[in-house]
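Some notes on the structure that comes next.
There are 2 protein chains.
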Amino acid sequence: MDSKQETIERIIDRALAQRIMQALSVGGSENRAANASCVQAKTEVLQVPVGISNRHVHLSRTDMDTLFGPGSALRRKKAMKQPGQFAAEETVTLKGPKGALSKVRVLGPLRPETQVEISIADGFVLGIKPPLRMSGQLDDTPGVEIIGPQGSVKTTQGVIAAMRHIHMPVETAAQFGLRNGEVVDVEVGGERGGVLRQVVVRATGDSVTEMHVDVEEANAFSLQNDELVRICGY
Amino acid sequence: MDSKQETIERIIDRALAQRIMQALSVGGSENRAANASCVQAKTEVLQVPVGISNRHVHLSRTDMDTLFGPGSALRRKKAMKQPGQFAAEETVTLKGPKGALSKVRVLGPLRPETQVEISIADGFVLGIKPPLRMSGQLDDTPGVEIIGPQGSVKTTQGVIAAMRHIHMPVETAAQFGLRNGEVVDVEVGGERGGVLRQVVVRATGDSVTEMHVDVEEANAFSLQNDELVRICGY
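In order, the protein sequence lines correspond to chains F and P. Going by the working numbering, the first residue of the first sequence is number 1, and it counts up by one from there. Going by the working numbering, the first residue of the second sequence is number 1001, and it counts up by one from there.
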C-alpha cells in the first residue's frame, strides 16, 4: 500500500529529476541504463569477460583409475583460460535417482577430490539438489553415480552448483581495491540485463581475469562467452 | 532502450529519494543489502510473487484440429493464476533441425495464433534460436515442427523466449504509479540474489499480480514459485 507520504515523495522525485534533466539539456545518447549503478560507483570500472561453464566433472586419481582404467591419463582436448586447466577428451555419464546425463565432460588436471558441477536444471533431471558452493567446498554435499568406460563409482559427496565467481590476478584485485574472497555485484547490459550479486572474487597469482557462470545464469542474462560485464557495488 | 538521459535521470532520482528519506528520517535499517536500491527508492515497495514458466505451447484452432483431431478440445489439467488460463492434459513434441523435446505442455484456452515458448537452452536442443519477445509479438520469429497424436504441423513462425514480465491489475499499477508496458527493475534476495532489469509491466483489468520468468531465469536467481520479489527502479 502506498502512503500519502510515498506518493508525495515519488512526485517530488520525478519532478526534480525532470527539472535537473531539462537544466542539463542532455541529449539521447546510446548509453544503456544497465550501467547506471556502475557509473555511480566510479568512473572507471573493472570489465571482465564471461566464461560459461557447462556441467563437468573433476576426478581424483582413484576415481580416474576406476572409470578409465588403472594408470589412465586424461587426454587434452582444449585449454581453458585459467592456466593449466583443460577440457579432456574423456566424458562420463552421471546417474541419479531420477535420471541420467550422458557425455559429461571431464576437466583436467586430476584433483585431490572428485567434484561434479551441475546446474539446478541438471539436478532436476538427476533427482539431486546441488547446493551452491565454491569449488572445493564439498562438506555436506550429495553424491552421484559416475559411469565411465571401464567402471563406475558411487560418490558419497561432491555434487555442487558452482557459486558464480571471478578469477583475477592478485595485482588486478589490488588495483581495484578488491580482496580474495570478497563478494561483489556485477552489472550486465542488454535485453536481459541486470545485476548479479554474491559474485565471489578469487584473486590468485596465476589467474586470468574471467567471470564464471553456469549455463542457466548465462542464458538468464543472455550472456555469451567473452562478453564483457562490469564489477560494481563493492 | 534506455538513453543516457534516462540513466542520469535515474541516478538523480535515487540520490534525491535518499536525501528526502534522510530528511524525513523514514526507513528501517534491518533490511538486507540486496534490497538496498528498493529501500532507497521508497519505504514501501510492491512485492510480487514469482510464477515460473516451463516450455509450453499455445495452439490455434486450426493447429489443434491437425494435432489432436478435428473439433477436439483441450482438457483442463490445472488452472493457472491468470484468470481463464490453464495447463491442459494435452502435450506435444517439438522438433527442430538439431533435436526434439517431448511432453511439451499445451496451455489453454486456444488462441488466434499458435505460439511456442521455450528457453534458450531448449533452443540449443532444438537448433532454433528463440528471439526474446512479449507474448503475441510473433513477427520475424522462427517456426518449428509440432507433433501431436493425430498429426503434425510445421509452423513458419511463433517460437519465442518470453520476455520476463509482471502481470497486475490496472488498479495496482495505478496505485504504484506504473503504466502498462512500462519497464521496471526487480530486486531478488538470497544466495543468487540480484536485479532483473527490462521487466515489462502488463497491467490489464482482470490480471493477478505475478512475475513470469522462465526456468533458466528462476534457477539463475534461485527463485521458487510464489517467492516474493520487489519492484524497484522505475
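Backbone N, C-alpha and C fix where the C-beta goes; we use that ideal spot for every residue, glycine too.
With a cut-off of 7 angstroms, does the C-beta of R1197 (chain P) fall near any C-beta of chain F?
yes
Chain-ordered chain P contacts of E216 (chain F) [CB-CB under 7 angstroms]
E1216, N1219 and A1220
Go through its chain and collect everything with a Cβ distance to I1147 (chain P)'s Cβ below 7 angstroms, but skip five positions before and after it.
V1092, T1093 and K1095
Helix, strand or coil at A1173 (chain P) [DSSP, three-state]
DSSP places A1173 (chain P) in helix when its eight states are reduced to three.
Would the beta-carbon of H1165 (chain P) fall within 7 angstroms of that of S1207 (chain P)?
no
In terms of residue numbering, what span does the beta strand (DSSP E) encompassing L1107 (chain P) cover?
A1100 to G1108
By how many angstroms is the C-alpha of F1068 (chain P) removed from the C-alpha of G1151 (chain P)?
Each residue's alpha carbon lies about 7 angstroms from the other.
For the putative contact between V1215 (chain P) and A121 (chain F), defined by C-beta atoms under 8 angstroms, what is the C-beta separation to the nearest angstrom?
6 angstroms
Residues of chain F with CB closer than 7 angstroms to the CB of G1194 (chain P), please, in chain order.
Going along chain F in sequence order, the residues near G1194 (chain P) (Cβ under 7 angstroms) are G194, V195, L196 and R197.
Have a look at G193 (chain F) and Q1137 (chain P) and give me their C-alpha separation to the nearest angstrom.
20 angstroms
Which class does E227 (chain F) belong to by DSSP, given the choice of helix, strand or coil?
coil
Between G205 (chain F) and P169 (chain F), how many whole angstroms is the CB-CB distance? I'm expecting something under 8 angstroms.
Contact holds; Cβ gap of about 7 angstroms.
Give me the chain F residues within the contact set of E1191 (chain P), using Cβ-Cβ distance strictly less than 7 angstroms, ordered along the chain.
L132 and Q198
Per-residue contacts from I1120 (chain P) into chain F (C-beta, under 7 angstroms)
What I1120 (chain P) touches in chain F: N219.
Indicate the three-state DSSP secondary structure (helix, strand or coil) for G71 (chain F) in the structure shown.
coil
Kindly list the residues whose CB is nearer than 8 angstroms to the CB of S1037 (chain P), restricted to its own chain and excluding five residues on each side of it in sequence; keep chain order.
Low per-residue confidence applies at S1037 (chain P): pLDDT is 48, beneath 50, and the placement is therefore not dependable enough to give any value.
Buried or exposed by the 16-neighbour rule on C-beta atoms within 10 Å, applied to L1228 (chain P):
exposed
Just the Cα atoms here: how many angstroms apart are E171 (chain F) and V50 (chain F)?
19 angstroms
Suppose you measure from the CA of E191 (chain F) to the CA of V1200 (chain P); what does that come to, to the nearest Å?
Straight-line Cα distance between these residues: approximately 11 angstroms.
Just checking my contact of T242 (chain F) with V159 (chain F) at CB under 8 angstroms: how many whole Å lie between their CB atoms?
Nothing about residue 242 (chain F) can be reported from this structure: the residues present for chain F run from 1 to 234 only.
What residue range does the alpha helix (DSSP H) around L1126 (chain P) cover?
I1120 to L1126
What is the DSSP secondary structure of S1025 (chain P), reduced to helix, strand or coil?
For S1025 (chain P), the predicted structure reports a pLDDT of 41, less than 50, and the residue's modelled location is therefore unreliable. A value from the coordinates is still provided. Note: S1025 (chain P) maps to coil in three-state DSSP.
Near V116 (chain F), which residues of its chain fall below 6 angstroms by C-beta distance, leaving aside the five closest residues on each side in sequence?
V57, V144, G158 and V159
Taking the straight line between their C-alpha atoms, what separation do you get for L107 (chain F) and A87 (chain F)?
5 angstroms
Is there a Cβ of chain F sitting closer than 7 angstroms to that of N1225 (chain P), yes or no?
No - not a single Cβ of chain F is within 7 angstroms of the one on N1225 (chain P).
Pairwise C-alpha distance: K1129 (chain P) and S1060 (chain P)
22 angstroms
Contacts around A1033 (chain P), its chain only, beta-carbon distance under 7 angstroms, and the 5 residues preceding and following it disregarded:
For A1033 (chain P), the predicted model reports a pLDDT of 34, less than 50, meaning its position is unreliable; a value from the coordinates is still stated below. Nothing meets the Cβ criterion.
Extent of the continuous beta strand (DSSP E) to which E1090 (chain P) belongs
Where E1090 (chain P) is concerned, the enclosing beta strand (DSSP E) starts and stops at F1086 to K1095.
Please report the distance separating the alpha-carbon of K1042 (chain P) from that of F1176 (chain P).
Summary for K1042 (chain P): the model assigns pLDDT 44, below 50, so the residue's position carries little reliability; its value from the coordinates is reported in the next sentence. Using only the alpha carbons, I get a separation of about 11 angstroms.
Contact test: G181 (chain F) Cβ vs the ligand GDP heavy atom, cutoff 6 angstroms
Looking at this structure, you won't find the ligand GDP or any other ligand, since it has none at all.
Within 10 angstroms of the Cβ of Q198 (chain F), are there 16 or more other Cβ atoms? Answer buried if so, exposed if not.
buried
According to DSSP, G1194 (chain P) sits in a beta bridge with which residue or residues?
Answer is F:L196 and P:V1188.
Which same chain residues end up closer than 8 angstroms to P1097 (chain P) when comparing Cβ atoms and leaving out the 5 residues on each side of it in sequence?
L1126, G1127 and I1128
In three-state terms, what does DSSP make of R1061 (chain P)?
helix
Round the Cβ separation of A220 (chain F) and E1217 (chain P) to the nearest angstrom and send it over; I've been treating them as touching at under 8 angstroms.
4 angstroms
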